[in-house]
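One line per chain: the protein sequences are A and B, in this order.
Take 3 as the starting number for the first sequence in our numbering and just add one per residue.
Take 27 as the starting number for the second sequence in our numbering and just add one per residue.
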Amino acid sequence: MSAFSRIAQSPGLAVPVLLLWTLGWALASAEEPADDVRKGRALYVSQQCWQCHGHEGQGGVAGNRIAPTRYPYEAFARLVRFTNLMPAYSPKVLSDEQLRLIYAYVRSMPEPPPLEEIPELDFD
Amino acid sequence: MKPDNQPHPAPSDREEPARVNRRDFLSSAMAAGLAATGAGAAGKASARQAADNAQAPGALPPTAAQEAMESEIPHGYSADQAREYFVRNPGSDFMLDVIRRLGLEYIATNPGSSFRGLQESIVNYGGNQAPELLTCVHEEQAAAMAHGYYKVSGKPMGVLCHGTVGLQHASMAVYNAWCDRAPMILLAGNHLEATERRAGVEWSHSAQDCVRVIRDYIKWDDMPLSLQHYAESMARALKIAMTPPAGPVAVVLDGHLQEAEAGNQRLSLFSVSVNQPPTGNEAAVAEAARWLLEAESPVIVADLMARDQEGVERLVALAEALQAPVVNQFGRMNFPNTHYLSQGSTAVAQADVVLGLELFDVWGVINTVRDRVHRDSVRKARPDARVISIGSNDLFTKSNYQNFQRFYPSDLSIAGDAQATLPMLTDAVLSGMRPARRATNAAREARWREAHSLARAQALDEARYGWNASPVSTARLYAELWNVVKDRDWALVSDDGAQSRWARRLWPIDRHYQYIGRSGGAGLGYGAPAAIGAALAHRAEGRFAVNVQKDGDLMYTPGAFWTAAYHRIPLLTVTHNNQGYHQEFMHLQRMAARRQRGIDSSWRVGNELRNPDIDFSRMAGAMGVWGEGPITDPDDLGPALARAAEVVDGGEPAFVDVRCQPR
Ligand SMILES: Cc1ncc(C[n+]2csc(CCOP(=O)(O)OP(=O)(O)O)c2C)c(N)n1
Ligand SMILES: [Mg+2]
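Dropping the structure here:
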């Protein structure tokens, strides 16, 4: 299911999240400080994001792909705190600052190689 | 439309008189009981065997001279002494004749004295051929092997074990088979007559009712008290096991009956005519066809449906007639994922009519329960969607174990075997289709073609993410494996659910035998032995079998490797080794988040399989299986798989341990 349709299914979230998404799109390409990325990586592991989203945020049956992220921070944070199928992380277990660092890490993840450069995926 | 071409059996339950100790006569006169039993390759081998037997010189009744020789008292013994020491016609020889008559080709076993009589008959009297004993190092593995073997061959295997400790061990694998509708015949040794028991262990290994431990999840059982009773119960057991919904059955082999002199009783053997699968009610099927034709957007969902390639082709015929998408839940390989009408489960959301075929869980196709504090259910289908179900679930069920899933009040419910009912339904659809409806087919086709190629492109695109990751991504695992299997006649003998379904998403799967579904009851320990049982069936067809094996699951039944090596069963096993019980990590995390306690380091407790890390390739090697790994660098994977594949091509099992991403 796409993020859009999932958000649209939670009526309370649809409007604010979509607004933030559109507004934040332009901002979501800045470079993240290396130190934040390092700390964020550690939190991504200790907060168990990898369990469902994979060590590279690649996603799978247990959670969708979250990296590289298309979301501005506000939308990303909302999706972690107010969830549909994912366990909700309250600020008590994951502070705003920690979540921001995780976000920095997720944003720093590079695009994978293009299909043309992966002969093993040349199925057809 | 092709007729339901279940192979045609011998005339029903033919009874044939026989006298015990006509060994050659009996074994050669054996008819192909199992030629009648159902799927695909099922018939062929036993039919062949029956033909061979008919040619055998021993097909003549024994001569008087032979008879005299057999009754001769061994030199130097008095008649009384001979009676004390020797048995001329052990009951278990006749028991074996019955098994052969029914056509069981293999019996998976872990030896036990409660059936030493039959074991000796199988190896000496029967020459360990059809049935051949498969040595298993745990009864659970024996039952899981039978489970996997059936799903490929369409034939039941015997599982021979102690009625007490053996069935206790076998029980979880029997439960998986029950949930997955896989027949097998459990043969349980027991000593009922108390005064005949040897002191000590034989008492501990006897029970009044040894099948009780598994009775909640088998279809039928009996404890025959005479050889004729046994012959009839075995024939009945086979019939019941194979009738949809198929499932395990058990027959107790009394120890005394096996070992005692059978004398010159007149005993009858049976050729079993296995039931043709029941079709749904004709009027109801016609009504279903009308609903499907009226529907703007009908969707077909299939789960434990196809028994063989014929089942796949029948579903293709129906889907194409309607130009309706098929959501294959892959309980069996029901529909080619290469076909444009093969669609993801989200297709259900827009359906106005849903046709469910042998669904394990009808309710779960229409609804879902969210795993939150309040387990609210959410309808996934449209509120006005009508549901037709065709399946054999209601034809046989039991109460205690709840694998029947939540009740869903289908709008039109048809009890019958879906594969057998499909031709009738497709005929009704084709004959009821008006020109105006037919004219919409082109647009429907275009829509689903586009959706199919979009989904294909998306799957390939998604597979790139984490491509160079270490541990290896599950997409990469399957992409690298594809390179190994694509030029071979391959068959996957495991389920890809824990690997984010990458086999279904990436590999072109169009043959029934290429995918065998899941364990059924989600009881762990199924993977390795079921894969080996399936690979045994593939060996007969010269296919290249592959098992993607979860690490936790493997640790329940690792001894199955030894069985694969001993019996030289070619199989490539590759681990999805995420170093733990990953499913349970996720549950623990959910609980901790819900309780706002965090989980910084506690996540490992009870869940990890590290420190010490399990050296799986050495474990495989210790049991005679060629092994490599652990592979951590994804670039090392392709070459390792290629080396392993060569071993498998040489007719042996091979193993590659791969440290993988969790899902
Ligand atoms: C016999 C049995 N015991 C326990 C469970 C509970 N259980 C479900 S999934 C799971 C983890 C399995 O680990 P593994 O096979 O390695 O798969 P993973 O989730 O790690 O991919 C466990 C313990 C079960 N299903 N069956
Ligand atoms: Mg695991």
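The beta-carbon is built from N, C-alpha and C at its ideal position, and this holds for glycine as well.
Values in this document were obtained by computation on a predicted structure and should not be read as measured data.
Spatial distance of Ala172 of chain B from Glu34 of chain A (CA atoms): Translated into the one-based positions of the second sequence, residue 172 of chain B becomes position 146. Translated into the one-based positions of the first sequence, residue 34 of chain A becomes position 32. Rounded to whole angstroms, Ala172 of chain B to Glu34 of chain A spans 56 Å at the Cα level.
Contact with chain B by Trp27 of chain A, beta-carbon distance below 8 Å: For the purposes of this step, residue 27 of chain A is taken as residue 25 along the first sequence, with counting starting at 1. Note that Trp27 of chain A has pLDDT 41, beneath the 50 cutoff, so the model's placement of it is unreliable and the number below is only indicative. For Trp27 of chain A, the answer is no, since every Cβ of chain B falls outside 8 Å of its Cβ.
Minimum Cβ-Cβ distance from Glu118 of chain A to chain B less than 8 Å: Translated into the one-based positions of the first sequence, residue 118 of chain A becomes position 116. So no, Glu118 of chain A is outside the interface.
is_contact[Gln100 of chain A, chain B] using C-beta, thresh 8 Å: The residue given as residue 100 of chain A occupies position 98 in the first sequence. Chain B contact via Cβ: absent.
Near ligand 2: Asp577 of chain B beta-carbon under 7 Å from a heavy atom: Here residue 577 of chain B refers to the residue found at position 551 of the second sequence. Yes, Cβ of Asp577 of chain B sits closer than 7 Å to a heavy atom of ligand 2.
Limits of the beta strand (DSSP E) - the one that Ser439 of chain B falls within: Translated into positions along the second sequence, residue 439 of chain B becomes position 413. Counting along the chain, the beta strand (DSSP E) containing Ser439 of chain B begins and ends at Leu438 to Ala441.
When B:Gly606, B:Gln369, B:Ile244 and B:Pro660 are compared against Ile480 of chain B, the one with the closest alpha-carbon: For the purposes of this step, residue 480 of chain B is taken as residue 454 along the second sequence, with counting starting at 1. The residue you asked about is not Ile; residue 480 of chain B is Leu in the sequence shown. When only C-alpha atoms are compared, the closest one is B:Gln369.
Any C-beta of chain A under 8 Å from that of Ser520 of chain B: Taking the first residue of the second sequence as 1, we reach residue 520 of chain B at position 494. Chain A, which has no Cβ nearer than 8 Å to the Cβ of Ser520 of chain B, makes this no.
Asn573 of chain B Cβ short of 7 Å to ligand 2 heavy atom set: Taking the second sequence and counting its residues from 1, the one referred to as residue 573 of chain B is at position 547. Checking every heavy atom of ligand 2 against the Cβ of Asn573 of chain B, none is found closer than 7 Å.
Buried versus exposed call for Leu421 of chain B [16 or more other C-beta atoms within 10 Å across all chains shown]: Stepping through the second sequence from its first residue, residue 421 of chain B is reached at position 395. Exposed, by the Cβ-count rule.
Interface partners of Ser526 of chain B on chain A, CB under 7 Å: For the purposes of this step, residue 526 of chain B is taken as residue 500 along the second sequence, with counting starting at 1. Near Ser526 of chain B (Cβ distances below 7 Å), the residues of chain A are Gly62 and Val63.
Under 8 Å between C-beta atoms of Ile542 of chain B and Val178 of chain B: One-based indexing of the second sequence puts residue 542 of chain B at position 516. One-based indexing of the second sequence puts residue 178 of chain B at position 152. Taking 8 Å as the Cβ cut-off, Ile542 of chain B and Val178 of chain B qualify as a contacting pair.
Contact test: Ala554 of chain B Cβ vs ligand 1 heavy atom, cutoff 7 Å: Here residue 554 of chain B refers to the residue found at position 528 when the second sequence is read from its first residue. False, no ligand heavy atom lies under 7 Å from that Cβ.
Pairwise C-alpha distance: Ser496 of chain B and Ile414 of chain B: Your numbering for residue 414 of chain B matches position 388 in the second sequence. Your numbering for residue 496 of chain B matches position 470 in the second sequence. Going from the Cα of Ile414 of chain B to the Cα of Ser496 of chain B covers about 46 Å.
Buried or exposed (CB count within 10 angstroms, at least 16 for buried), Asn354 of chain B: The sequence position of residue 354 of chain B within the second sequence is 328, counting from 1. When all chains shown are included, Asn354 of chain B counts as buried.
Min CB distance Val82 of chain A to chain B below 8 Å: Taking the first sequence and counting its residues from 1, the one referred to as residue 82 of chain A is at position 80. No, no contact with chain B.
Span separating the alpha-carbon of Val682 of chain B from that of Cys51 of chain A: Translated into positions along the second sequence, residue 682 of chain B becomes position 656. Translated into positions along the first sequence, residue 51 of chain A becomes position 49. So the two alpha carbons sit approximately 28 Å from each other.
Every unbroken alpha helix (DSSP H) inside the region 514 to 602 of chain B [4 residues or more]: 528 to 532, 553 to 565, 577 to 582 and 586 to 592
Nearest neighbour of Thr452 of chain B, chosen from B:Ala619, B:Ala347 and B:Ala411 [CA to CA]: Against the second sequence, residue 452 of chain B aligns to sequence position 426. Per the Cα distances, B:Ala347.
Euclidean distance between Cα positions of Met95 of chain B and Lys265 of chain B: Looking up residue 95 of chain B in the second sequence gives position 69. Looking up residue 265 of chain B in the second sequence gives position 239. Reliability fails at Met95 of chain B, whose pLDDT of 47 lies under 50, so the model's placement of it is uncertain and the value that follows must be treated cautiously. Approximately 38 Å between the Cα atoms of the pair.
Contacting residues, own chain, Cβ-Cβ under 6 Å from Ile133 of chain B (five flanking each side not counted): As a working note, residue 133 of chain B is residue 107 in the second sequence. Within the same chain, Ile133 of chain B has close Cβ partners Pro157, Leu159, Gly184 and Leu186.
Val227 of chain B (DSSP reduced to helix, strand or coil): Numbered from 1 along the second sequence, position 201 holds the residue referred to as residue 227 of chain B. Correct three-state label for Val227 of chain B: helix.
Ligand 2 heavy atom lying under 7 Å from the CB of Tyr607 of chain B: The count along the second sequence starts at 1 and reaches residue 607 of chain B at position 581. Checking the Cβ of Tyr607 of chain B against ligand 2 gives yes.
Contact test: Leu550 of chain B Cβ vs ligand 1 heavy atom, cutoff 7 Å: Stepping through the second sequence from its first residue, residue 550 of chain B is reached at position 524. Because some heavy atom of ligand 1 lies under 7 Å away, the Cβ of Leu550 of chain B counts as near it: yes.
Partners in chain C for Arg67 of chain A, counting only beta-carbon separations shorter than 8 Å: Absent here is chain C; the protein component of the structure consists of chains A and B.
Range covered by the beta strand (DSSP E) that runs through Pro116 of chain B: Position 90 of the second sequence holds residue 116 of chain B. Here Pro116 of chain B belongs to no beta strand (DSSP E), and DSSP marks it neither H nor E.
Cα-Cα separation, Met581 of chain B to Gly551 of chain B: Residue mapping note: residue 581 of chain B aligns to position 555 of the second sequence, counting from 1. Residue mapping note: residue 551 of chain B aligns to position 525 of the second sequence, counting from 1. Answer to the nearest angstrom: the Cα atoms are 7 Å apart.
For Glu634 of chain B, the three-state DSSP class (helix, strand or coil): On the second sequence, residue 634 of chain B is found 608 positions in, with the first residue counted as 1. Note: Glu634 of chain B maps to strand in three-state DSSP.
Minimum Cβ-Cβ distance from Gly42 of chain A to chain B less than 8 Å: For the purposes of this step, residue 42 of chain A is taken as the residue at position 40 of the first sequence. Not an interface residue.
Assigned exposure category for Glu58 of chain A - 16 Cβ within 10 Å defines buried: Walking along the first sequence from the start, residue 58 of chain A turns up at place 56. By the neighbour-count rule (16 or more Cβ atoms within 10 Å), Glu58 of chain A is buried.
Any non-hydrogen atom of ligand 1 closer than 7 Å to His602 of chain B Cβ: Position 576 of the second sequence, counting from 1, holds the residue named residue 602 of chain B. Yes.
Leu597 of chain B to Ala267 of chain B span [Cα, whole Å]: In the second sequence, the residue the question calls residue 597 of chain B occupies position 571. In the second sequence, the residue the question calls residue 267 of chain B occupies position 241. The straight-line gap from Cα to Cα measures roughly 28 Å.
is_contact[Gln605 of chain B, chain A] using C-beta, thresh 8 Å: One-based indexing of the second sequence puts residue 605 of chain B at position 579. So, not an interface residue.
Chain-ordered residues of the region 89 to 115 of chain A with a beta carbon less than 7 Å from chain B: Pro89, Ala90, Tyr91, Ser92, Lys94, Val95, Pro114 and Pro115
Collapsed DSSP secondary structure at Glu654 of chain B in the structure displayed: Taking the second sequence and counting its residues from 1, the one referred to as residue 654 of chain B is at position 628. Glu654 of chain B: strand per DSSP, three-state reduction.
Any alpha helix (DSSP H) of 4 or more consecutive residues that is wholly inside the region 388 to 424 of chain B: 388 to 392
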